[in-house]
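No gaps in the numbering here: position 28 of the sequence shown is 28 in the UniProt record's numbering, and each next residue is one more. Contents: one structure, followed by commentary.
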Amino acid sequence: MVTFFENIPSYYRTAILVGGLLLLWIIEGFFPRFTFRGSKYRHAGTNLFFTLTTVIVNTGFAFLIVKASQWTSNARFGLLYWLHLPLWLHTLLAILMLDLIGAYLIHLVQHKIGWMWQFHKIHHIDTQIDATTALRHHPVESLFRVGALLLAILSMGVPFWMVMFYQSLSAFMSQFNHANIRLPKGLDNALSWIIVSPDMHKVHHSHYQPETDSNYANIFSIWDRIFGTFIFIPDTTSIRYGLDEYRDNRYQEVGPLLKVPWEQSTVANNDKISGVSSNL
1 MVTFFENIPS YYRTAILVGG LLLLWIIEGF FPRFTFRGSK YRHAGTNLFF TLTTVIVNTG
61 FAFLIVKASQ WTSNARFGLL YWLHLPLWLH TLLAILMLDL IGAYLIHLVQ HKIGWMWQFH
121 KIHHIDTQID ATTALRHHPV ESLFRVGALL LAILSMGVPF WMVMFYQSLS AFMSQFNHAN
181 IRLPKGLDNA LSWIIVSPDM HKVHHSHYQP ETDSNYANIF SIWDRIFGTF IFIPDTTSIR
241 YGLDEYRDNR YQEVGPLLKV PWEQSTVANN DKISGVSSNL
């Protein structure tokens, strides 16, 4: 595994991303959690545009990730190197820490800091959550996530192959937990004790703000349980997705979504507050 991810070609990573998406799309067709309204293909087209911008940003900053991970390896710099761990434990803790810092914490921060939320909220404007929603991120938000990943690599000490393994796993898990699939309730609940299951993450996309500000994790659900941000909803079919202030159909199109962070409106800095009032 070390050799494979140390030398993984870019087209392999693309194949993992596309293959996972296609697989989950097929499963969604057989076991949907909700019935799709409107054109599924048009919806996918919008989300795949943002998938492309995410790939472009990540590719543009790939040299920083490579250099950072190679430097930590050569200098033996970072907490996990200083602990002198066996390879298996270093790998396990590296994946956990990359998920904590590079996914959970940066996600939480974007919900708590107003100007960062302006970029992140295009992910939440989606009113029909499926596997394609996973990489629906504003290009500026992609920069936040790259920065968090670099912080995790440098502080923990994560070699290049572990970063590649983590990114491959993270991409698939994000698609999985966003997927519009109906798992047996007992299986979904059992999975949610270890990893983020589809029903667990659907709560995060609720239009009701206290639910939106929960279930931030991407791979490991333990972070939400440890930090008290976990919410359990018995019946996720009743959840209304999206943000109340962005119900207009134009907000499901690329152009308006790109402009959302700079829109001037009376709700620009308080859009999540109205999510609470609408449910009182």
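The C-beta atom is built at its ideal place from N, Cα and C for all residues, glycine as well.
For the alpha helix (DSSP H) that contains residue i, what are its first and last residues?
i, result
"Ser73", "Ala62 to Ala75"
"residue 366", "Here the chain comprises residues numbered 1 to 280, so residue 366 is not present and cannot be evaluated."
"Ser168", "Phe160 to His178"
"Phe204", "Correcting the residue identity first, residue 204 is His in this sequence and not Phe. His204 -> alpha helix (DSSP H) spans Pro198 to His204."
"Pro256", "Val254 to Lys259"
"Gly19", "Ser10 to Phe30"
"Glu211", "Gln209 to Thr212"
"Leu187", "Lys185 to Leu191"
"Trp82", "Leu79 to Trp82"
"Glu6", "Val2 to Glu6"
Taking 7 Å as the threshold (C-beta atoms), are residue j and residue i in contact?
i, j, result
"Trp223", "Tyr81", "no"
"Phe50", "Arg136", "yes"
"Thr72", "Gly19", "no"
"Met164", "Phe61", "no"
"Asn138", "Ile113", "Residue identity check: residue 138 is His in the sequence provided, not Asn. Contact flag unset, no."
"Ser168", "Ile56", "no"
"Ile95", "Tyr41", "no"
"Ala75", "Leu150", "no"
"Thr46", "Val254", "yes"
Note down, in chain order, each residue of its chain lying with its Cβ closer than 6 Å to the Cβ of residue i, except the 5 sequence neighbours on either side.
i, result
"Ser197", "Asp188 and Leu191"
"Leu24", "Ala131, Gln175 and Ala179"
"Lys272", "Here the model assigns Lys272 a pLDDT of 47, short of 50, so the residue's position is not dependable, and the following value carries that caveat. Excluding positions up to five away in sequence, the list reads Gln209."
"Val2", "Trp161"
"Tyr12", "none"
"Ser277", "Reliability fails at Ser277, whose pLDDT of 39 lies under 50, so the model's placement of it is uncertain and the value that follows must be treated cautiously. Nothing meets the Cβ criterion."
"Phe31", "Ile181 and Arg182"
"Asp213", "His111"
"Gly147", "none"
With a threshold of 8 Å on Cβ separation, who are the neighbours of residue i within its own chain once the five nearest residues in sequence on each side are excluded?
i, result
"Ile125", "Gly242, Leu243, Tyr246, Tyr251, Gln252, Leu257 and Val260"
"Ala268", "Here the model assigns Ala268 a pLDDT of 46, short of 50, so the residue's position is not dependable, and the following value carries that caveat. Hits under 8 Å: Gln118."
"Ile27", "Ala179 and Ile181"
"residue 287", "The chain is shown from 1 up to 280; residue 287 falls before or after that span and cannot be answered."
"Ala152", "Met97, Leu98, Leu100, Ile101, Gly102 and Val158"
"Glu211", "Val203, His204, Ile231, Ile233 and Ile239"
"Asn218", "Asp99, Ala103, Tyr104, His107, Ser170, Met173, Ser174, Asn177 and Val196"
"Phe186", "For the record, residue 186 in the displayed sequence is Gly; it is not Phe. Answer for Gly186: no residue qualifies."
"Thr54", "Leu135, His137, Pro139 and Ser142"
Give me, in chain order, the residues of the same chain whose beta-carbon lies closer than 7 Å to that of residue i; leave out the 5 immediate sequence neighbours on both sides.
i, result
"Trp262", "none"
"Ser155", "Gly78 and Leu79"
"His201", "Asn177, His178 and Asn215"
"Thr91", "Met162"
"Ser265", "Interpretation of Ser265 is limited by its pLDDT of 48, a score under 50 that renders its predicted location unreliable; the figure taken from the coordinates is listed afterwards. Counting only Cβ-Cβ distances below 7 Å, and skipping sequence neighbours, we find nothing."
"His207", "Arg240, Tyr241, Gly242, Leu243, Asp244 and Gly275"
How many whole angstroms separate the CB atoms of residue i and residue j, which I take to be in contact at a CB cut-off of 8 Å?
i, j, result
"Ile226", "Val203", "Ile226 to Val203, Cβ: 17 Å. No contact."
"Met173", "Phe144", "Their Cβ separation, rounded to whole angstroms, is 19 Å, which puts Met173 and Phe144 out of contact at 8 Å."
"Glu141", "His111", "Not a contact, Cβ separation roughly 12 Å."
"Leu93", "Leu85", "7 Å"
Using beta carbons (cut-off 7 Å, strictly below), is residue i in contact with chain D?
i, result
"Met162", "Although the question refers to chain D, the structure presented lacks it and comprises just one protein chain."
Self-check item: In chain order, each alpha helix (DSSP H) run of at least 4 residues that lies wholly inside the stretch 87-141
Solution: For the stretch 87-141, whole alpha helix (DSSP H) runs of length 4 or above, ordered along the chain, are 87-99, 106-112 and 114-124.
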